[in-house]
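Structure record follows, encoded as structure tokens.
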Amino acid sequence: AQTVTQSQPEMSVQEAETVTLSCTYDTSESDYYLFWYKQPPSRQMILVIRQEAYKQQNATENRFSVNFQKAAKSFSLKISDSQLGDAAMYFCAYRSSTSGTYKYIFGTGTRLKVLA
Amino acid sequence: AAGVIQSPRHLIKEKRETATLKCYPIPRHDTVYWYQQGPGQDPQFLISFYEKMQSDKGSIPDRFSAQQFSDYHSELNMSSLELGDSALYFCASSLSSGDNDNEQFFGPGTRLTVL
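Top line first, the protein sequences correspond to chains A and B.
Those letters in the first sequence? Residues 1 to 116, per our numbering, in order.
Those letters in the second sequence? Residues 1001 to 1115, per our numbering, in order.
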């Protein structure tokens, strides 16, 4: 069974600085997807960025980028130029590519605080 | 663009009562997923449906049942409610075909409180 681990329950970053959130996962599959979701106080799940395992190039979305290390099964999220609106709970998620098993497996989350 | 709709948004029930949560997927999406997120926890997969058939099952209690209807909306029925069922229940939908890679789009959630 696949597992997702986020070892940082809470992180803090100064406004305009850069922060990296860690995520590791365990799987025997070779093809899968990885996601970072943001959950603000409204508790809406907002997709931040996604990475297909077969792509070697790290995904980037504006101030958000990932460091995907497939061999190490590591998928960290880097937030540059942090803004107050980035404060939220961040979940790393894994999704299989096997037909019929598209459920997301989430990590336990990292609460990000942004200091003014 | 249309999003996933969940109703009700908030629900308060007593122990041992029943509750029905509804999910209306994005138009043309044929797959629905249900997740449960307890206080301070990560979302846990409950069950999913594709074309009205159950496609996958997670840690869903026997007291819960769900189905997907011909218009693709889904309902999660919860009976003999317990205090521990208090949680945020997310529905997500996806399209099984095309280049979207079955990406799931989450609804705003239904907050269930059991007293």
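C-beta: ideal position from N, C-alpha, C; glycine also.
These figures come from a predicted structure and were not determined experimentally.
Pull up the DSSP beta-bridge partners for B:S1093, would you. Residue numbering aside, residue 1093 of chain B sits at position 93 when the second sequence is read from its first letter. B:S1093 is bridged to B:V1032 and B:F1105.
Roughly how many angstroms lie between the CA atoms of B:R1009 and A:K55, to the nearest whole one? Start at 1 with the first residue of the second sequence, and residue 1009 of chain B comes out as number 9. Start at 1 with the first residue of the first sequence, and residue 55 of chain A comes out as number 55. For B:R1009 and A:K55, the distance between alpha carbons rounds to 38 Å.
A:F91 versus B:S1094 - alpha carbon distance: Taking the first residue of the first sequence as 1, we reach residue 91 of chain A at position 91. Taking the first residue of the second sequence as 1, we reach residue 1094 of chain B at position 94. Roughly 19 Å separates the two Cα atoms.
Verify the CB distance criterion: does A:M45 have a CB-CB separation below 8 Å to chain B? For the purposes of this step, residue 45 of chain A is taken as the residue at position 45 of the first sequence. Yes, contact with chain B.
Do A:K73 and A:T24 have their C-beta atoms within less than 8 Å of each other? On the first sequence, position 73 is the one that residue 73 of chain A refers to. On the first sequence, position 24 is the one that residue 24 of chain A refers to. Yes, Cβ-Cβ distance for A:K73 and A:T24 is below 8 Å.
Specify, as a first and last residue, the run of the beta strand (DSSP E) that A:S96 falls within. The residue given as residue 96 of chain A occupies position 96 in the first sequence. Unbroken beta strand (DSSP E) run through A:S96: A88 to S96.
With a cut-off of 8 Å, does the C-beta of A:F106 fall near any C-beta of chain B? The residue given as residue 106 of chain A occupies position 106 in the first sequence. Yes, A:F106 counts as interfacial toward chain B.
Could you spell out where the beta strand (DSSP E) holding B:N1077 opens and where it closes? If you number the second sequence from 1, residue 1077 of chain B lands on position 77. S1074 to M1078 is the extent of the beta strand (DSSP E) around B:N1077.
Counting only Cβ pairs nearer than 7 Å, list the residues of chain B close to A:T101. Residue 101 of chain A sits at position 101 when you count from the first residue of the first sequence. Ordered by position in chain B, the residues that pass the 7 Å Cβ test against A:T101 are D1056.
Starting from A:L84, follow the beta strand (DSSP E) in both directions and report where the run begins and ends. Indexing the first sequence from 1 puts residue 84 of chain A at position 84. Per DSSP, A:L84 belongs to no beta strand (DSSP E) and is neither H nor E.
So, are the CB atoms of A:T20 and B:D1056 less than 8 Å apart? Walking along the first sequence from the start, residue 20 of chain A turns up at place 20. Walking along the second sequence from the start, residue 1056 of chain B turns up at place 56. No, the Cβ-Cβ distance between A:T20 and B:D1056 is not below 8 Å.
Short of 6 Å in beta carbon distance, which residues of its chain neighbour B:G1058, apart from the five on each side in sequence? Order them along the chain. Start at 1 with the first residue of the second sequence, and residue 1058 of chain B comes out as number 58. Closer than 6 Å at the Cβ level, and outside the excluded window around B:G1058, lie F1045 and L1046.
Please return the same chain residues whose Cβ sits closer than 6 Å to the Cβ of A:F68, not counting the five positions on each side in sequence. The residue given as residue 68 of chain A occupies position 68 in the first sequence. For A:F68, where only same-chain residues beyond five positions count, the Cβ hits under 6 Å are Q51, N58 and F75.
Pick from A:P9, A:S96, A:R111 and A:K113: whose alpha carbon is nearest that of A:D31? Indexing the first sequence from 1 puts residue 31 of chain A at position 31. Nearest of A:P9, A:S96, A:R111 and A:K113 to A:D31, Cα basis: A:S96.
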